[in-house]
Amino acid sequence: MSTPGHSPLTAPAEQAPLADQRIVVIGGGMTGHRFAARLRAQDPEGRWTLTVIGEEPQQPYDRVHLSNWFSSRNADLLSLDVSVWDDPRISLLTGDKAESIDRVAGHVTTASGTAVPYDRLVLATGSWAWAPRAEGRELPGIFSYRTVADVERIAEWVSLREQTLGRQVRGVVVGGGVLGLEAAAALQDLGAASTVVEFADRVMAVQLDQGGGEMLRLLIQDKGIDVRTGVGASRFQPAGDGQVGTAVLSDDSTLDVDIVIFSTGIRPRDRLAREAGLAIGERGGVVVGDSCQTSDPAIWAIGECASFQESCAGLIAPGNDMADVVVDRFLGGTRTHQRKDDGTKLKGVGVDAAAFGDVNAVTAGALEVAFVDPVNRKYRKLVMSDDAKVLLGGVFVGDIELFSQLRPLIGRTLGADPSAVIAPEGGDAMAAAELPDDAVVCSCNNVSAGTIRASVSEHGCTTLGEVKECTTAGTVCGSCVPTLTKLLNKELERSGIAVSTAMCEHFAHSRAELYQLVKEGGQQTFTEIVTAFGRGRGCAVCKPVVASLLSSLGTTSGRLHSPVGEQLGSLQDTNDHVMANIQKNGTYSVIPRMPAGEVTPEQLLVLAQVALDYGLYLKLNGAQRIGMFGARLDQLPEIWRRLVDAGFESGHAYGKSLRMVKSCVGSTWCRYGVQDSTSMAVALERRYRGLRSPHKLKVGVSGCARECAEARAKDVGVIATTKGWNLYVGGNGGAQPAHAQLLIEDLDDENLVKCIDRFLMLYIQEADKVQRTARWVEEREGGIEELRRVIVEDSLGIGEELEAQMANHVATYEDEWTATLDDPQRMAKFVSFINAPGVADPDLAWVPERGQMRPAHEMDSRTAPDPVRARALAALSLGATSPLGDAVEGEEIH
Amino acid sequence: MTTQENTMIDICALSDLSIERGAAALLGDVQVAVFRLVDDSVRACQQRDPYSGANVLSRGLIGSHELTGEGEESEQLVPTLASPMYKQAWNLDTGAVLDAGGGEKLPIAVHDAEVRDGRVLVATTPRPLVSDGVETVS
Chain A
188 MSTPGHSPLT APAEQAPLAD QRIVVIGGGM TGHRFAARLR AQDPEGRWTL
238 TVIGEEPQQP YDRVHLSNWF SSRNADLLSL DVSVWDDPRI SLLTGDKAES
288 IDRVAGHVTT ASGTAVPYDR LVLATGSWAW APRAEGRELP GIFSYRTVAD
338 VERIAEWVSL REQTLGRQVR GVVVGGGVLG LEAAAALQDL GAASTVVEFA
388 DRVMAVQLDQ GGGEMLRLLI QDKGIDVRTG VGASRFQPAG DGQVGTAVLS
438 DDSTLDVDIV IFSTGIRPRD RLAREAGLAI GERGGVVVGD SCQTSDPAIW
488 AIGECASFQE SCAGLIAPGN DMADVVVDRF LGGTRTHQRK DDGTKLKGVG
538 VDAAAFGDVN AVTAGALEVA FVDPVNRKYR KLVMSDDAKV LLGGVFVGDI
588 ELFSQLRPLI GRTLGADPSA VIAPEGGDAM AAAELPDDAV VCSCNNVSAG
638 TIRASVSEHG CTTLGEVKEC TTAGTVCGSC VPTLTKLLNK ELERSGIAVS
688 TAMCEHFAHS RAELYQLVKE GGQQTFTEIV TAFGRGRGCA VCKPVVASLL
738 SSLGTTSGRL HSPVGEQLGS LQDTNDHVMA NIQKNGTYSV IPRMPAGEVT
788 PEQLLVLAQV ALDYGLYLKL NGAQRIGMFG ARLDQLPEIW RRLVDAGFES
838 GHAYGKSLRM VKSCVGSTWC RYGVQDSTSM AVALERRYRG LRSPHKLKVG
888 VSGCARECAE ARAKDVGVIA TTKGWNLYVG GNGGAQPAHA QLLIEDLDDE
938 NLVKCIDRFL MLYIQEADKV QRTARWVEER EGGIEELRRV IVEDSLGIGE
988 ELEAQMANHV ATYEDEWTAT LDDPQRMAKF VSFINAPGVA DPDLAWVPER
1038 GQMRPAHEMD SRTAPDPVRA RALAALSLGA TSPLGDAVEG EEIH
Chain B
523 MTTQENTMID ICALSDLSIE RGAAALLGDV QVAVFRLVDD SVRACQQRDP
573 YSGANVLSRG LIGSHELTGE GEESEQLVPT LASPMYKQAW NLDTGAVLDA
623 GGGEKLPIAV HDAEVRDGRV LVATTPRPLV SDGVETVS
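Those protein sequence lines, which keep their order, are chains A and B. Per the numbering used here: the first sequence ends with 1081, consecutive numbering throughout. Per the numbering used here: the second sequence ends with 660, consecutive numbering throughout.
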């Protein structure tokens, strides 16, 4: 491969071993991070040192998903794997800019005056956001969209202008490319009106053909974002207060604006290299060959700053490949960088569009096969070779399921009739077409289908998570995950590894299978079910599952089972059985429901009095409610009698069921709230309380995009917009955190409830035992897109049935504690000892701490047998008078 | 009463117990857990969970397990108890550990128990602990 004007680089010089070499990377972006991570992984024992110099104050972050910053407002969540920086061989300088390279002395000088010596230097300086010259470009209120600092300033500006102007902010994005559309969606999420101005005749003009661009324009306008094509922004004029106020377009029309975001392309940051005298490409960028070496044999360039075959990449995949090439070369390899068409996918906008290859069919004799459905806003086009056999390109708008399947086949035989593939029900036409082993499935990390198959057949991966961990496929942009899942399942089938879905030794079925069997079979007790479908008398795994599904089915079939009634009584873990959570010393916690975290002063007084009377420990838990700890089994009914009388009901903190709906105060109190999130949260909590599910469920409702209720960390997240509610699903805190994914936007109250009804009921029917919604959504075939079709578009025609099942649950709900208090038979079970009901467990022991009591440890030398007394001691230690007086005499306070 | 004596003590009526659900009982100062199985036979074991140290075993779940023994005794179905705390499981006939959850094998003491004239009787002294605390797990 020859590079014009750059022949010395085609045969790179023999490299010395890496031992004791000082490597310096200029640029703390994604490519610099990739280089460091890769070098460390490939050479874990190597005796080199690596310094990464980053100009931005943050650790390297995921710029590809910059728009995600708006949902969390936390730049740390964007950070790329930080464990890289724990390697003692690697140091990271942040917030310091490389100012010059001294190639003779071999060091880099930074803005802070530090000289960093190098033996090998890697330039990974990336790009800067270019903007056309336009009068008034420097006015306050005009921004770029490239860094965390940019998005922070944009959010602050919109909020400030909204307050100052006392009305909705009007925003314009100049540039209708992928990033411009993301910026426009971000503006809209911030509550601003959003208009996109694009000089070309269509949006995403570089990636899409005319037809795809037109369909995308319709979809974006459907979202309420205005699109103006064929015009540019020629100048900006200030408003009365000196901030940007008007944009004048190239057709002399004007737009009133309060904020402008430029997204008009990027240019390589090659100033350092220019000043150091390195060869620079005609259109900018540091010239490199396929080894990524520059015209100085001690300097390499990777990512967007590098000019390879006279072009600079603007995507992450080639940058990653270049980083990998340089690492390979440093370690004595001969890998070369090759440019591939990896395609582009629009993300973060809530509209699907993706394309790869020769989208405009410029190849001689190329044939175009298209499916256009303007009613349902779908556009699919395949570009084929003149014999209609080889796939040359594809455009997908409105529905991009085929994109990740077809992209790896570019330049290869499609193996199916192209018109059948893109037909509305064409998915099956592709099922037969097998991906060849060398087809790249994950282009971000350059992982081939063969590698993914080997991870299953040779490395024993059996889940999507394991495949991701083993191969790194699907860990950057995630667009190949559907294809990964298919490859995994097929390979498992082929290897004859039937992943056992058996619950335990008593049932060979998965939870979902058993659910369907019982739904059809109509069995009502464990004995009937285990006789029909299993063996033996069950265990601690299958019994609670059976109890849960009988309870769920009760709500769907009308065969009502109280989760704690006689039929289910012996199947429940102690928590469900006694409707409280067992603690480490065998006592229980009492957590009444406080919908949306609301509590009246009267109720608060009752809680305080109960805690005093029983010596209970009080703590606010993570679910916006009050937990009371240390109640004995025999005390639970008396405590709950008092709570029920005060209007409380069970909080189901013990159940695999809805826990709570968390909310902020919303538009009722908050200056920024746009909807009444508290009322919505109360309504949702009342609707879904008591619903039994495969795992616990949490819901959050935020009153504006600031997301104070952290709804996206919940199974169901609802975030208010000026037009209604955005619905997110499949979020999780806990051990494996996941952000909930957007299911649908701008719902009114009624449709919000409908969608949640459908989502929860589908989850209850399909999920495995103790599978959270996050994992269910991730692992469900087709992912969130397919789920959206089932729930929003009702593609399976089960929407009404799911809603009816939920309606049944709502109609048959009763408070479990109230029902139990009215049932003498059940009340009789709450005894300490069946032959000595008045005696408390003599081994319980308590210790005062911070004004309350806690269970004693083995290390505690002084303990009290009675928590009321322990609390009195604790109160004494805080200087209060003991209500028990002499009763505590002789007991020491520590 | 001396420690050598193994008296059967009347705890409650069989009808006071729910099927496959336990109850705690006091034998002097010894705490035991008593269970009624699906065939109306009864079992008793120590109330203290050896893993957590809390007196909670009566609140565990009853189930069954198929033991794969040798020769004639193969495929014997035994009643099991799972701890409500961390879900370790024992053979309720012998107290041997069936599932230690990957941890140390800590057997539990079982007491003789029987139903006589509709009353549940439990022996005051436990049977000796099983030697190694482990049985073959299928």
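Heads up, the beta-carbon is just placed ideally off N, CA and C, and yes, glycines get one too.
Given residue 553 of chain B, which residues of its chain have a CB within under 8 Å of its CB, disregarding the five upstream and five downstream residues? 546, 547, 568, 569, 570, 577
Could you give the distance in angstroms between the alpha-carbon of residue 218 of chain A and the alpha-carbon of residue 470 of chain A? 21 Å
Could you list which residues in chain A have their beta carbon closer than 7 Å to that of residue 534 of chain B, in chain order? Near residue 534 of chain B (Cβ distances below 7 Å), the residues of chain A are 1021, 1022.
Go through its chain and collect everything with a Cβ distance to residue 396 of chain A's Cβ below 7 Å, but skip five positions before and after it. 546, 547, 568, 582
Could you check whether the Cβ of residue 737 of chain A sits closer than 9 Å to any Cβ belonging to chain B? no
Taking Cβ-Cβ distances shorter than 7 Å, what residues in chain B pair up with residue 772 of chain A? 576
Cβ contact (3+ pairs, closer than 8 Å) linking the segment 253 to 265 of chain A and the segment 316 to 336 of chain A: yes
Quick check on the burial criterion: 16 or more other C-beta atoms within 10 angstroms. Buried or exposed for residue 375 of chain A? It counts as buried.
Quick one: give me the first and last residue of the beta strand (DSSP E) that residue 612 of chain B is part of. 611 to 613
Express the C-alpha separation of residue 608 of chain A and residue 558 of chain A in angstroms, rounding to a whole number. 10 Å
Under 8 Å (Cβ pairs) to chain A, residues found in the segment 536 to 557 of chain B: Hits within the stretch, in order: 538, 539, 540, 541, 542, 543, 545, 546, 547, 548, 551, 553, 556.
Using three-state DSSP, classify residue 1085 of chain A as helix, strand or coil. Here chain A has residues from 188 to 1081 only, and residue 1085 of chain A is not among them.
Starting from residue 859 of chain A, trace the beta strand (DSSP E) in both directions and tell me its first and last residue. Run containing residue 859 of chain A: none; DSSP gives neither H nor E here.
Residue 570 of chain A beta carbon less than 9 Å from that of residue 544 of chain A: yes
Over the uninterrupted beta strand (DSSP E) stretch that includes residue 587 of chain B, give me the two end residues. 583 to 589
What residues of chain B sit near residue 727 of chain A, judged by a beta carbon separation below 8 Å? 582, 583, 585, 604, 609, 611
So, is residue 1001 of chain A buried or exposed, given that buried needs 16 or more other C-beta atoms within 10 angstroms? exposed
Cβ pair residue 761 of chain A, residue 606 of chain B closer than 9 Å: yes
What is the DSSP secondary structure of residue 488 of chain A, counted as helix, strand or coil? strand
Does residue 728 of chain A come out as helix, strand or coil in the three-state DSSP assignment? It is coil, neither helix nor strand.
Same chain, Cβ closer than 6 Å to residue 885 of chain A, five either side skipped, listed in chain order: For residue 885 of chain A, where only same-chain residues beyond five positions count, the Cβ hits under 6 Å are 846, 901, 902.
Count the other CB atoms, across all protein chains shown, that sit within 10 Å of the CB of residue 608 of chain B; report buried if there are 16 or more and exposed otherwise. So residue 608 of chain B counts as exposed.
Can you name the start and end residues of the alpha helix (DSSP H) that residue 1004 of chain A belongs to? Run containing residue 1004 of chain A: 1003 to 1008, per the alpha helix (DSSP H) assignment.
State the DSSP-derived secondary structure class of residue 243 of chain A, mapped to helix, strand or coil. coil
Any beta carbon from chain A within less than 9 Å of residue 588 of chain B's own beta carbon? Nearest CB-CB separation between residue 588 of chain B and chain A: below the 9 Å threshold.
Please go through the segment 576 to 644 of chain A and give each complete beta strand (DSSP E) segment of 3 or more residues, from N-terminal end onward. 578 to 584, 627 to 629
Classify residue 529 of chain A: buried if its beta carbon has 16 or more other beta carbons within 10 angstroms, exposed otherwise. buried
If the cut-off is 7 Å on Cβ atoms, which residues from the segment 688 to 704 of chain A count as contacting chain B, listed in chain order? 692
Indicate the three-state DSSP secondary structure (helix, strand or coil) for residue 750 of chain A in the structure shown. Confidence at residue 750 of chain A is low in this model, with a pLDDT of 46, below 50, so the placement of that residue should be treated as unreliable; the coordinate-derived value is given next. Coil.
Taking only beta-carbon positions, decide if residue 1016 of chain A is within less than 9 Å of chain B. yes
Taking only beta carbons into account, state which residues of the segment 393 to 408 of chain A come closer than 8 Å to chain B, listed in chain order. none
Measuring alpha carbon to alpha carbon, tell me which residue in A/972, A/489, A/851 is nearest residue 179 of chain A. Outside the shown range of chain A, which is 188 to 1081, sits residue 179 of chain A, and nothing can be said about it.
Compile a chain-ordered list of the residues in the segment 574 to 588 of chain A whose CB is closer than 9 Å to at least one CB of chain B. none
Mind listing the chain B neighbours of residue 1149 of chain A? Cutoff is C-beta to C-beta under 8 Å, in chain order. As displayed, chain A neither begins before 188 nor continues past 1081, which places residue 1149 of chain A out of reach and without an answer.
Write down the C-beta distance between residue 223 of chain A and residue 212 of chain A rounded to the nearest angstrom, noting that I regard them as a contact closer than 8 Å. Rounded to the nearest angstrom, the Cβ distance from residue 223 of chain A to residue 212 of chain A is 7 Å, consistent with a contact under 8 Å.
Leaving out the 5 sequence neighbours to the left and right, which residues in its chain are closer than 7 Å to residue 882 of chain A when beta-carbon positions are compared? 843, 957, 958, 959, listed in sequence order.
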